[in-house]
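Numbering-wise (the working numbering), the sequence shown opens with residue 252 and increments by one. See below for the structure under consideration.
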Amino acid sequence: MFDVCVVGSANLDLVATVNRLPAPGETVPGSTYAEYPGGKGLNQAVAAARSGAATAFVGAVGSDGAGTALLEVMRSDGIDISGVAVASVPSGRALIFVSAEGENSIVVVAGANDTVEATVPPSATVVLAQLEVPVDTIEYAFRAAKAAGATTVLNPAPVKPLPDSLLALCDVLTPNEHEVELLGGVDRLRSLGAAAVIVTRGAEGAELHTSSGVAYIAAHPVVPVDTTGAGDCFSGALCARLAAGDDMLGALRYASVAAALSTTQPGAVPSMPPRAAVLLALSLSEE
Ligand code: RIB
């Protein structure tokens, strides 16, 4: 039995830093180039594992060097990879520009992530998914997870129209302020069955919507260098703490600090903070 099972994507991130993001048709000079492990699913799984959760991953990598490297990253963070397939296509790749302010723009080429098949996820307290693998796969996994008594959490990113049949299977949703509007708003998501909708607003903090009303959490103050994967860090850390038995507000406070810390390091997977760093920042913020 795992604490958290993440059903999702794994990518190799090809990252160029630029002074400012290019406009359409414009060429701008880059300052640095680096390759990092990433993908919303893998980022979330690593965030959960580094938050102390026994974590399993369900996904697919390609039969290429990137796939081998991504599997090694999962193993080195202690993530169970028995649900990871190796497909005869290239691994997913993300082309990322990061500006001097730490903002980014991203193009994802799904590759192997498009081949992730509907499967019953390993038994876990919390099952977490995002939208970089087929929607039918997520719906199948959530249906099985709920039948087994797990809590289901959907981070609806990158956002797209979703069937009510999937939304009705989500116990918790973690959209950002743009995604929640595209999905019809908090009230619609709650009316379809979500017990909690957490709207993340970057440096403006987060809102927790439940049957008890709305609670606001301020963002932890940091100087960001790269915001890539911050939302993934939030969802992964949140699930780890929910699986550990924290109440929603406690888990949210932890996740909010973890996400802020992730923006202080470059790259997606490499920036996911260990639990000790989050606990230290939390304790300092409470003094
Ligand atoms: O959320 C950030 C992630 O989006 C990156 O790691 C990239 O791979 C894309 O999936």
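C-beta atoms are modelled at their ideal positions from N, C-alpha and C, and glycine is treated no differently. The structure presented is a predicted model; accordingly, all values stated were derived computationally and were not measured.
So, residue i versus residue j, is the Cβ gap smaller than 8 Å?
| i | j | result |
| --- | --- | --- |
| Ala-379 | Gln-295 | Here residue 379 is Leu; the residue named in the question, Ala, does not match the sequence. Against a cut-off of 8 Å, the Cβ pair of Gln-295 and Leu-379 comes out as a contact. |
| Thr-306 | Val-255 | yes |
| Val-279 | Val-269 | yes |
| Gly-487 | Ala-285 | no |
| Leu-405 | Leu-459 | no |
| Leu-503 | Leu-489 | yes |
| Ser-350 | Arg-271 | yes |
| Leu-418 | Thr-403 | no |
| Gly-456 | Ala-469 | yes |
| Val-520 | Pro-372 | no |
| Phe-485 | Ala-446 | no |
| Glu-430 | Pro-412 | no |
Kindly indicate which residue of the options has the alpha-carbon position closest to the one of residue i.
| i | options | result |
| --- | --- | --- |
| Val-410 | Val-297, Leu-265, Ala-300 and Glu-432 | Glu-432 |
| Thr-319 | Val-465, Ala-336 and Asp-254 | Ala-336 |
| Val-324 | Gly-290, Val-423 and Leu-424 | Gly-290 |
| Ala-363 | Ala-446, Thr-403 and Asn-262 | Asn-262 |
| Ala-494 | Ala-375, Ala-338 and Phe-348 | Ala-375 |
| Gly-480 | Pro-341, Ser-260 and Ala-532 | Ser-260 |
| Ala-300 | Leu-533, Arg-526, Glu-430 and Val-437 | Arg-526 |
| Pro-517 | Phe-253, Gly-496 and Glu-352 | Glu-352 |
| Met-252 | Val-377, Val-340 and Val-360 | Val-377 |
| Ala-369 | Glu-390, Ser-462 and Asn-427 | Glu-390 |
| Gly-303 | Tyr-467, Leu-535, Glu-537 and Asp-497 | Asp-497 |
| Asn-355 | Asp-415, Asp-331 and Ala-274 | Ala-274 |
| Val-386 | Thr-478, Pro-414 and Asp-315 | Pro-414 |
| Leu-535 | Ala-466, Val-473 and Ala-454 | Val-473 |
| Gly-281 | Leu-434, Ile-347 and Asp-328 | Ile-347 |
Tell me where the beta strand (DSSP E) around residue i begins and ends.
| i | result |
| --- | --- |
| Gly-289 | 281 to 289 |
| Ala-387 | Note that residue 387 is Asp in the sequence shown here, rather than Ala. Looking at the DSSP string, Asp-387 is not in any beta strand (DSSP E); the run it does join, the alpha helix (DSSP H), is 386 to 398. |
| Asp-254 | 253 to 258 |
| Leu-265 | 262 to 269 |
Could you pull the start and end residues of the alpha helix (DSSP H) that residue i belongs to?
| i | result |
| --- | --- |
| Ala-336 | Segment 331 to 338 is the beta strand (DSSP E) holding Ala-336; no alpha helix (DSSP H) there. |
| Ala-345 | Premise fails: Ala-345 lies in the beta strand (DSSP E), 343 to 349, not in any alpha helix (DSSP H). |
| Thr-319 | 316 to 327 |
| Leu-418 | 415 to 418 |
Below 8 Å on the Cβ atoms is my guess for residue i versus residue j; work out the distance and round it to an integer in Å.
| i | j | result |
| --- | --- | --- |
| Thr-425 | Val-476 | With 8 Å as the limit, Thr-425 and Val-476 do not qualify as a contact, their Cβ atoms being about 23 Å apart. |
| Ala-392 | Val-309 | 7 Å |
| Val-423 | His-471 | Incorrect: roughly 21 Å between the Cβ atoms, too far for contact. |
| Gly-292 | Val-257 | 5 Å |
| Thr-388 | Val-360 | That pair is no contact at about 18 Å. |
| Asp-365 | Pro-341 | About 11 Å separates the two Cβ atoms, so there is no contact after all. |
(request) Counting only runs of 3+ residues fully inside the region 453 to 497, write out the beta strand (DSSP E) ranges in chain order. (result) 457 to 461 and 464 to 468
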